[in-house]
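Chains as they are written, first to last, in the numbering used here: chain A, 1 to 249; chain B, 250 to 358. Just so it is clear, CB atoms sit at the ideal spot from N, CA and C, and this is done for glycine as well. Source: prediction; values computed, not measured.
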Amino acid sequence: MAGSAVVVEEDNEKLWQGGTAPMKASYGKLMMWFFLLSDAFTFSSLLVAYGLIRYSHPAFEGDAENFVFSQEYWPIPDMVFNGFPLMHGVHWPLVFVGLMTFILIMSSVTMVLAVEAGQRNDRKAVEKWMLWTIVGGLTFLGCQAWEWTHFIVGTDGGGSLLDGSIFYGANLSMNQYGPPNFAALFFFITGFHGFHVFSGVVINFIIFYQTVVGKLEQRGHYEMVEKVGLYWHFVDLVWVFVFTFFYLI
Amino acid sequence: MEQETKEQVIIPVDKAKIKHIWMVTLYLFLITAGEFAIAFTLDASPIKTVIFILMTIVKAYYIMSEFMHLGHETKGLKWSIVAPLVFVAWLIGALLIQGDAIYSAIYGV
Numbered sequence: 001m002a003g004s005a006v007v008v009e010e011d012n013e014k015l016w017q018g019g020t021a022p023m024k025a026s027y028g029k030l031m032m033w034f035f036l037l038s039d040a041f042t043f044s045s046l047l048v049a050y051g052l053i054r055y056s057h058p059a060f061e062g063d064a065e066n067f068v069f070s071q072e073y074w075p076i077p078d079m080v081f082n083g084f085p086l087m088h089g090v091h092w093p094l095v096f097v098g099l100m101t102f103i104l105i106m107s108s109v110t111m112v113l114a115v116e117a118g119q120r121n122d123r124k125a126v127e128k129w130m131l132w133t134i135v136g137g138l139t140f141l142g143c144q145a146w147e148w149t150h151f152i153v154g155t156d157g158g159g160s161l162l163d164g165s166i167f168y169g170a171n172l173s174m175n176q177y178g179p180p181n182f183a184a185l186f187f188f189i190t191g192f193h194g195f196h197v198f199s200g201v202v203i204n205f206i207i208f209y210q211t212v213v214g215k216l217e218q219r220g221h222y223e224m225v226e227k228v229g230l231y232w233h234f235v236d237l238v239w240v241f242v243f244t245f246f247y248l249i
Numbered sequence: 250m251e252q253e254t255k256e257q258v259i260i261p262v263d264k265a266k267i268k269h270i271w272m273v274t275l276y277l278f279l280i281t282a283g284e285f286a287i288a289f290t291l292d293a294s295p296i297k298t299v300i301f302i303l304m305t306i307v308k309a310y311y312i313m314s315e316f317m318h319l320g321h322e323t324k325g326l327k328w329s330i331v332a333p334l335v336f337v338a339w340l341i342g343a344l345l346i347q348g349d350a351i352y353s354a355i356y357g358v
């Protein structure tokens, strides 16, 4: 009993030096929150820039059935992102990104369960749920690699550029789907998000490793799991917005 | 003594807490399923856009409040994260108006 009381006092002193924790949060968790706030501004800027550029282009007038790719107007997302792995030439709008959303939300849930296990000092459960979270993150990255490949390679028919020539797929300066900025924004926004997922997987793996070798158990608490958990949920949060503004609207 | 402090006691699972996590997961899936249903049934219109944005904000609320645990932090922490987001609202307003102006300048409408 006396032993555990000593540990608590020591923790407090280490936490904020003055013996008290402002806003009842640890230094690391609070700083993670402020980092995520600044990261939220970065993503907001990218998504709002998408809004500005889309607003400065004409929208497609008419029924979605008659839609064809053109440099003259902004494409309808349903008509661009309608493929599915191993299903050539199908028109399944939103199905694949829906699956990606499902995968990312699931990996967020397993991360919540890892944090919950960490609060209970349950090392085995932390290992299990962290591993599932990493698997989810890697699966999402694989899906995104397919999505990019599909976008870059293009459709069988391609689309005509302003000079009348046929172009297949997309790069940063031109694409078959619509105005050049459409593909550029796709690469920047989903790429920046994908890079966050990638770094999230790396950070998750480091914490998973530290759990497995018993470093966190030795430390006496699993707060690192909570901190990387915050980052991982943020990545999921951003995807919810990317999904709406890039694929739904 | 030294040994005693380092010994880890595994606290048993609180079933209600786990159930709550899965309930939030269910809400997130239902909202996403709802977004799908709307995407395929309603024609493109400003109302559809507003519905999508509202559903996105509800999802964001659940992720931030429950998964990131912000809803259970102190009031000070909650507001120091949520209040600065008002700048994003300003950015949206400013840049969408600007986008409209660029469109008018190019296409003369």
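Beta-bridge partners of W74(A), as assigned by DSSP: A59(A)
Any C-beta of chain B under 7 Å from that of D39(A): no
Below-7 Å beta-carbon distance, M23(A) vs any chain B residue: yes
Stretch pair the stretch 302-311 of chain B + the stretch 273-286 of chain B: three plus CB contacts closer than 8 Å: yes
Under 7 Å between C-beta atoms of T211(A) and E127(A): yes
Neighbourhood of W271(B) by C-beta distance below 6 Å, restricted to the same chain and skipping five residues each side: none
Length of the line joining the Cα atoms of H321(B) and Y247(A): 32 Å
Chain-ordered neighbours of W33(A) on chain B, where CB pairs are closer than 9 Å: M317, L319, E322, L326, S329, I330
CB contact flag (N204(A), V228(A), <7 Å): yes
Those residues which DSSP pairs with A170(A) across a bridge: N175(A)
Within-7 Å CB hit, L248(A) to chain B: yes
Uninterrupted alpha helix (DSSP H) stretches inside the stretch 119-206 of chain A (no shorter than 4 residues): 123-153
Chain A within 7 Å of L340(B), Cβ atoms only: yes
Any chain A beta carbon closer than 7 Å to G348(B): yes
N-terminal and C-terminal residue of the alpha helix (DSSP H) that P295(B) is part of: 295-311
Paired residues, beta bridge with M87(A) - DSSP: F84(A)
Close Cβ partners of F182(A) (< 7 Å) along its chain, the five nearest in sequence each way excluded: W74, P75, N175
Whole-number beta carbon distance between G159(A) and F167(A), since they are thought to touch under 8 Å: 6 Å
Contact set for T101(A): own chain, Cβ-Cβ below 8 Å, skip 5 residues either direction: W239, V240, F243
Interface flag, V48(A) vs chain D, CB-CB below 7 Å: Checking the listed chains, one finds no chain D in this structure; the protein chains it contains are A and B.
Entirely enclosed alpha helix (DSSP H) segments - the stretch 202-244 of chain A, minimum 4 residues: 215-219, 223-242
The stretch 134-145 of chain A / the stretch 104-123 of chain A touching (three or more Cβ pairs under 8 Å): yes
First through last residue of the alpha helix (DSSP H) which encompasses S314(B): Here S314(B) belongs to no alpha helix (DSSP H), and DSSP marks it neither H nor E.
Within-7 Å CB hit, I105(A) to chain B: yes
Pick from V197(A), M23(A), H196(A) that is closest to K324(B), judged by C-alpha positions: M23(A)
Length of the line joining the Cα atoms of Y55(A) and G28(A): 40 Å
G357(B), DSSP secondary structure in three states: coil
Amino acids of chain A, ordered along the chain, whose beta-carbon sits closer than 8 Å to that of A265(B): Those within 8 Å of A265(B) in chain A number zero; the least Cβ separation is about 12 Å.
L326(B) vs A25(A) beta-carbon contact at 7 Å: yes
Own chain residues within Cβ distance below 6 Å of V273(B), not counting five before or after: Y311, E315
Min CB distance K308(B) to chain A below 7 Å: yes
Residues within the stretch 233-244 of chain A neighbouring chain B, beta-carbon criterion of under 9 Å: H233, F234, D236, L237, V240, F241, F243, T244
Simplified DSSP state of A25(A), which is helix, strand or coil: coil
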